[in-house]
Amino acid sequence: MLCFSMHMLHGALDNRSPTGRCRLSSDTRYQRVDEPADPRWNGADFEGHGGSRVFYPGLGQWDNDDFQDEWKDVDE
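Take the sequence shown: its letter number 40 is residue 43 in my numbering, and every next letter is one higher.
Dropping the structure here:
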């Protein structure tokens, strides 16, 4: 089990198990009841990580430090 704050950059490699084993992952979050809810993650109009955009790793250029080429509109 790994536990870290929301500020930790993280990711996982592709599951290339030769035996077809399944990898399960969960993103479980908690918040103290006395802290205000962050509107980015709660309510009817939450944005999450990208709003109406999706991250496609590997589409950008090597000198693309901010990864802007890798964010694509959902309808694109």
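Glycine residues also receive a C-beta, built at the ideal position from the N, C-alpha and C atoms.
Keep in mind it's a predicted model, so treat the numbers as computed, not measured.
query: Selection from 27, 8, 9 and 7 that minimises the alpha carbon distance to residue 16; result: 27
query: 8 Å Cβ shell around residue 40 - same chain, five flanking residues per side excluded; result: 34 and 46
query: Residue 9 versus residue 22: straight-line alpha-carbon distance, rounded; result: 33 Å
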